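> Below you will find the structure I want to go over with you.
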Amino acid sequence: RLREQVQALQSSARAFDEGAEWEAKRLAVSIRVLVHDTKYSSSLLRQLRLKERLQFYEIAAPDPPGNLASYHGLVGVRFGAGGASYYARLDDGPPYPTKRSPFTDWWTRFVFRDAHASQFTRKELVLALANKEGGVHVDPELDEEYIRLSRENSLRWYFSVADERCDWPNDPVPHSVRHVAHELLKTLHEQVPEAGADRPHGWGWRINGLP
Numbered sequence: 006r007l008r009e010q011v012q013a014l015q016s017s018a019r020a021f022d023e024g025a026e027w028e029a030k031r032l033a034v035s036i037r038v039l040v041h042d043t044k045y046s047s048s049l050l051r052q053l054r055l056k057e058r059l060q061f062y063e064i065a066a067p068d069p070p071g072n073l074a075s076y077h078g079l080v081g082v083r084f085g086a087g088g089a090s091y092y093a094r095l096d097d098g099p100p101y102p103t104k105r106s107p108f109t110d111w112w113t114r115f116v117f118r119d120a121h122a123s124q125f126t127r128k129e130l131v132l133a134l135a136n137k138e139g140g141v142h143v144d145p146e147l148d149e150e151y152i153r154l155s156r157e158n159s160l161r162w163y164f165s166v167a168d169e170r171c172d173w174p175n176d177p178v179p180h181s182v183r184h185v186a187h188e189l190l191k192t193l194h195e196q197v198p199e200a201g202a203d204r205p206h207g208w209g210w211r212i213n214g215l216p
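Residue 6 is where the sequence shown starts when you use the working numbering, and the numbers rise one by one after that.
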């Protein structure tokens with residue numbers, strides 16, 4: 006079952022990278038199956054007694070001390086002739102500081118802060134797609150903070166076309182979940198060879214502070 010879930014994660018990651026952004030919901034479901042515990046169910050990695058011994062890769066842009074602007078640690082922004090968009094950082098970018106952390110630290114550390122000072126963790130982003138946005142369930146009542154982040158540009162990024170200011174066109178959450186999948190696949194590739202995780206896309210980039 007572990008190999009099956011890893012294969013599902015890799016397949017959805019490849020499809021996402023080829024343009025199927027809706028695959029982020031499947032990524033979220035696979036991540037949830039692998040790592041998320043509830044009062045009524047145990048994650049696959051916990052059942053296999055792997056979760057507690059793993060050190061999860063955290064690959065995120067730093068939030069500078071005293072930063073008063075919004076912060077988006079898992080996604081970058083790019084500009085081109087066709088406009089602007091968020092993208093999953095993976096390892097394809099500046100060599101940001103990277104560390105390995107116990108699961109709870111990785112899962113619950115905030116990786117977004119919007120212009121309203123609302124903070125979001127990997128857990129919140131993944132479970133929003135899995136449990137509320139159609140990964141497994143559709144919830145008609147989304148949190149106001151999540152609505153602002155995913156639909157109302159609460160990060161407050163803009164770009165100009167013909168001197169006209171335009172809102173950022175895409176939702177940062179799917180790209181963030183793609184990045185979380187990358188961190189998880191990287192962790193499993195390195196620390197759980199029996200999971201059969203391929204070397205994730207972007208692996209060849211230098212990782213600051215780690216061998």
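Ideal Cβ positions, reconstructed from N, Cα and C, are used throughout, including at glycine. As the structure is a computational prediction, the values presented were derived from the model and not from experiment.
Tell me which same chain residues have a C-beta within less than 6 Å of the C-beta of R37, skipping the five on either side of it?
The residues are A135.
> Give me the residue from I152, L160, N72 and E57 with the minimum Cα distance to W111.
Residue E57 is the option with its Cα nearest to W111.
> Using the C-alpha atoms, what's the distance from W27 back to L79?
Their Cα atoms are separated by approximately 18 Å.
> For E26, name the three-state secondary structure that DSSP assigns.
Looking at E26 - three-state DSSP - the assignment turns out to be coil, as it is neither helix nor strand.
> In this structure, how does DSSP classify E195 when only helix, strand and coil are distinguished?
Of the three classes helix, strand and coil, the one that applies to E195 here is helix, per DSSP.
> Span of the alpha helix (DSSP H) holding S106?
Element bounds for S106: not the alpha helix (DSSP H) but the beta strand (DSSP E), T103 to S106.
> In terms of DSSP beta bridges, what is Q124 paired with?
DSSP output for Q124 lists R118 as bridge partner(s).
> For F84, count neighbouring Cβ atoms within 10 angstroms of its own Cβ and tell me buried if that reaches 16, exposed if not.
Exposed.
> Do R105 and V116 come within 8 Å of each other at the CB atom, strictly closer than that value?
Cβ distance not < 8 Å, so V116 and R105 don't count as in contact.
> Taking only three categories from DSSP, how would you classify Y45?
Three-state result, Y45: coil.
> Spell out a yes or no on whether the region 188-201 and the region 60-67 are touching, meaning 3 or more CB-CB pairs, one atom from each, closer than 8 Å.
The answer is yes - the region 60-67 touches the region 188-201, with three or more Cβ pairs under 8 Å.
> Report yes if the C-beta distance between V224 and A93 is below 8 Å; otherwise report no.
Only positions 6 to 216 of the chain appear in this structure, which leaves residue 224 out of reach.
> Pop quiz: W39 and H184 are said to be a contact at Cβ under 8 Å. What is the actual Cβ separation, rounded to whole angstroms?
Looking at the sequence provided, one finds Leu at residue 39 rather than Trp. In fact, because the Cβ distance is near 16 Å, the residues do not count as touching under 8 Å.
> State the Cα-Cα distance for the pair L154 and L132, rounded to the nearest angstrom.
Straight-line Cα distance between these residues: approximately 15 Å.
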